[in-house]
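Comments concern the structure below.
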Ligand code: 5AD
Ligand code: SF4
């Protein structure tokens, strides 16, 4: 009988995409994929280390599994970002942990698990991808049947001083455009309505210099653009995939030609996630972001001058070492000026091994919380005004799943990436519907379907 593997995923969309790919490789190798850790022979945690709390989650989960499975001892594997960073020390965290695989070992997971099942102890693989290991994922193997994440670049070369990602995911590696475009065409042919191009910094997509072999511009021929990412956007738009979104953008690499491309193609959605982290030039310098608040504003201006009204979202870190009250006021001012459609606020969390970890983490926990709440309140007020502007308007929503709040409602995202709920029959899942907005809530819109899809 073949072994059952249970795979649990924490963290960002890149981890979700990695887990989808791992699941395909495991099924192809003859494993069963289980949906709970209770009866699985092998339990794999795909981990995140971006903040301390995220990194800690895996240890809590291992403890829970251990208590649940006192009588038999499943093999526990740790993969992803925590695995890459902690390496063999994880073996000491629990006697159950017998397999450690880093962020680029996805394709080798079946063999690694096979070895563990054969009784080998303490298996570890933190290596790079090997030649011939691809990122491809068949359309039939995705978590969602309507929205697909398509990695275009992994890793990061920016080394912002607070950030662990360059260490957990290594240097930037782009995926050949021809492979990306082929995957999107396949998704389109299988009825997918929306794709997200994903990467830690999609704007620095450069397959001719930083891809796994081959280093090539193949797939971009005939598409113009100020950067290779702009050319890729146009090549992807030309597949006629219905809705195309991309995350995450990086201010320094965000070329205004991205806005021009969005202006040209209606299927490039009117939403940009452009994290700023701080509104203080002093803090931005300490974070080594490579831009000032005013540089950032120039990008925002370009986005606001687009043909369609764009949604803009951002990430902010409060309480970076040395952040003064005046610095924080600068952040508040920037947030007021931009008026974001959505904001993810994080309290600074020291990550071992990053340059900022050598600084004195001197903003007290209380102060971080105070700033967090103050910023959250300002954002709530600004967001309310923005959301209310949608009242009475018609938007296009991809119906993705039943609402968790009401049995009669379904939920999905608009092209501007707002969460929208509305009453509709379950048969409409996967359709794109025209919805008139009737209520603006704090983090979502509510509406009624205007016409059956
Ligand atoms: N502490 C707090 N927030 C962080 N982020 C990244 N590293 C840290 C850290 N050490 C946030 C940033 C980033 C988002 C994904 O997580 O805002 O954009
Ligand atoms: Fe977490 Fe960053 Fe790794 Fe994604 S890349 S899983 S956000 S640490």
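Numbering (our numbering), first residue to last: 9 to 461.
We treat Cβ as the ideally placed atom computed from N, Cα and C, and that holds for glycine.
These numbers were taken from a predicted model, which means no experiment stands behind them.
Option in the options with minimal Cα separation from residue i
i	options	result
residue 323	330, 269, 259, 161	259
residue 368	402, 281, 133, 331	331
residue 48	157, 307, 16, 178	16
residue 78	45, 312, 89	45
residue 246	406, 186, 288	186
residue 379	400, 35, 353	353
residue 117	395, 168, 26, 304	26
residue 82	11, 182, 254, 281	11
residue 314	297, 335, 269	269
residue 362	53, 14, 58	58
residue 91	280, 326, 64, 350	64
residue 36	461, 115, 377	115
residue 337	383, 299, 374	383
residue 128	105, 439, 143	105
residue 184	321, 223, 173, 248	223
residue 167	201, 293, 309	293
residue 375	397, 281, 329, 410	329
residue 89	122, 23, 143	23
residue 394	413, 424, 414	424
residue 311	426, 408, 264	264
residue 38	408, 119, 281	119
residue 372	333, 230, 391	333
residue 213	123, 200, 153, 257	257
Anticipated Cβ contact below 8 Å, residue i with residue j, distance rounded
i	j	result
residue 66	residue 86	6 Å
residue 157	residue 211	At roughly 17 Å, the Cβ-Cβ gap does not stay under 8 Å, so residue 157 and residue 211 are not in contact.
residue 295	residue 302	Contact flag wrong, Cβ pair sits at about 16 Å.
residue 61	residue 99	Not confirmed; about 23 Å, so no contact.
residue 172	residue 359	4 Å
residue 400	residue 443	With 8 Å as the limit, residue 400 and residue 443 do not qualify as a contact, their Cβ atoms being about 12 Å apart.
Sheet register partners of residue i (DSSP bridge)
i	result
residue 280	320
residue 422	405
residue 55	88
residue 198	Bridge partners of residue 198: none, in fact.
residue 338	Residue 338 pairs with nothing; no bridge assigned.
residue 133	109
residue 189	None; residue 189 has no bridge partner.
Beta-carbon contacts of residue i that lie in its chain and below 6 Å, excluding the five residues immediately before and after
i	result
residue 102	70
residue 112	136, 137
residue 149	32
residue 283	322, 323
residue 19	56
residue 381	none
residue 125	11
residue 344	none
residue 165	179, 180
Sub-8 Å separation of residue i and residue j beta-carbons
i	j	result
residue 221	residue 232	no
residue 189	residue 140	no
residue 251	residue 406	yes
residue 195	residue 215	no
residue 326	residue 356	yes
residue 208	residue 163	yes
residue 161	residue 181	yes
residue 422	residue 404	yes
residue 340	residue 267	no
residue 28	residue 107	no
residue 441	residue 457	yes
residue 274	residue 319	no
residue 420	residue 428	yes
residue 278	residue 242	no
Own chain residues within Cβ distance below 8 Å of residue i, not counting five before or after
i	result
residue 21	157, 204, 206, 255
residue 134	91, 92, 95, 108, 109, 110, 113
residue 309	none
residue 41	12, 13, 14, 15, 31, 34, 35
residue 377	355
residue 219	181, 182, 183, 184
Own chain, CB closer than 7 Å to residue i, minus 5 neighbours either side, in chain order
i	result
residue 289	300, 301
residue 192	158, 203, 244, 247, 249
residue 416	431
residue 342	284, 287, 301
Near ligand 4, which residues have their beta-carbon closer than 6 Å to a heavy atom? Judged by which ligands are present, ligand 4 is missing from the structure shown, whose ligands are ligand 1 and ligand 2.
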